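Just so we're aligned, residue 0 is where the sequence shown starts under numbering that gives the first Met the number 0, counting upward by one.
Structure, as C-alpha cells:
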Amino acid sequence: MKTQVIQALDRLDPRLLVGMATLLVALLAFEGWMLVLRKPLAEYRLVVAHSVALSSTVRSLPDQASTLDRLAAELQHLTASLSGKLQLPASDNRIAATLMEALDRSALRHGVKLSAVKPRERRPVSVFEEVSFEVGAEGGYLPLCEWMLDFDNAVGNNVNISEFDMKATEGGRVQLTLRLALYRPQAQAGVAR
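Encoded structure:
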C-alpha cells in the first residue's frame with residue numbers, strides 16, 4: 000500500500016503538492032489561532048468595550064461639587080420660603096407685635112377693623128413650632144374676604160388659617176373670628192422667649 004501511495008504522488012503535479020502542503024500549513028495556523036489566540040483577543044475586546052461604557056457613564060454623572068452647590072442654593076431658597084415675608088422674631092412678645100402690626104396695616108388697606116389678636120397654645124409640628132393666635136375683625140363681607148385672601152402678602156406664607164367663623168352684625172357688617180397658625184423652625188423656637 001505504501002508503494003501505491005508513492006506512485007500516486009509521483010503522478011501528481013508538483014505544484015499541486017506544494018499547494019496542498021501550503022493549505023495544510025494554513026489550516027494548522029488557523030486552528031492554532033482559534034485555539035490559542037481567539038480567547039485572549041475576545042477578552043481584550045470585552046475589556047475595551049467595558050472601559051468605553053464606564054468612561055461614558057462617568058462623564059455623564061454630574062459633578063459632585065456643582066451638585067452640592069445646587070443643593071445648597073435650593074436649601075437656601077426653601078429656607079427663605081419657609082421664613083416667609085413676615086420675619087418672625089425669637090421672642091413671643093415680638094411675634095405677637097409683628098403679627099399685629101402686619102395685620103393692622105393689611106386691615107387698613109382693605110377697610111377692615113381689627114378688633115382682637117390673642118395668643119393661643121403652642122405645639123410642635125414635625126420640625127416646626129406652631130404658634131396660634133385668635134384674631135377678630137369687623138367689616139363688610141367682600142373687604143373681609145379680600146383681607147383674608149391677601150394674608151400671604153401681608154404676613155407671609157408661613158401663616159395658615161386653621162379655623163374661622165363669620166357672623167352678621169347690625170348695620171350689614173360682618174364679624175370675623177379666625178385662628179391663625181404661624182410656623183417657625185424648632186431651632187428658632189428655642190431662643191429666648
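Glycine included, every Cβ here is placed at the ideal spot set by N, Cα and C.
Just so you know, these numbers come straight off a predicted model, no measurement behind them.
Residues sharing a beta bridge with residue i, DSSP
i	result
Phe132	Pro118, Leu179
Gly18	Answer is none; Gly18 lacks a bridge partner.
Lys166	Gln174
Asn156	Paired residues: none, contrary to the question.
Gly138	Val173
Thr113	Going by the sequence as given, residue 113 is Leu instead of Thr. DSSP output for Leu113 lists Ala136 as bridge partner(s).
Glu124	Note that residue 124 is Val in the sequence shown here, rather than Glu. DSSP output for Val124 lists Phe127 as bridge partner(s).
Span separating the alpha-carbon of residue i from that of residue j
i	j	result
Cys144	Val158	16 Å
Arg119	Ala95	11 Å
Val46	Arg58	18 Å
Thr2	Phe29	32 Å
Trp146	Tyr140	10 Å
Gly18	Leu26	12 Å
Gln63	Glu129	36 Å
Lys38	Arg44	10 Å
Val173	Asp149	18 Å
Leu23	Val4	18 Å
Leu155	Leu60	Rather than Leu, the amino acid found at residue 155 in this sequence is Gly. Cα to Cα, Gly155 sits roughly 38 Å from Leu60.
Val126	Leu74	15 Å
Asp194	Val51	Only positions 0 to 192 of the chain appear in this structure, which leaves residue 194 out of reach.
Leu175	Ala167	9 Å
Cβ neighbour criterion (16 or more within 10 Å) applied to residue i
i	result
Trp32	exposed
Ser105	buried
Glu100	exposed
His49	exposed
Glu162	exposed
Tyr182	buried
Problem - Three or more C-beta pairs below 8 Å linking the region 105-117 and the region 133-146 - result: yes
Exercise for the section: Write down every uninterrupted run of the alpha helix (DSSP H) in the region 4-62 whose length is 4 residues or greater and which is fully enclosed by it, in chain order. Expected result: 13-31, 37-59
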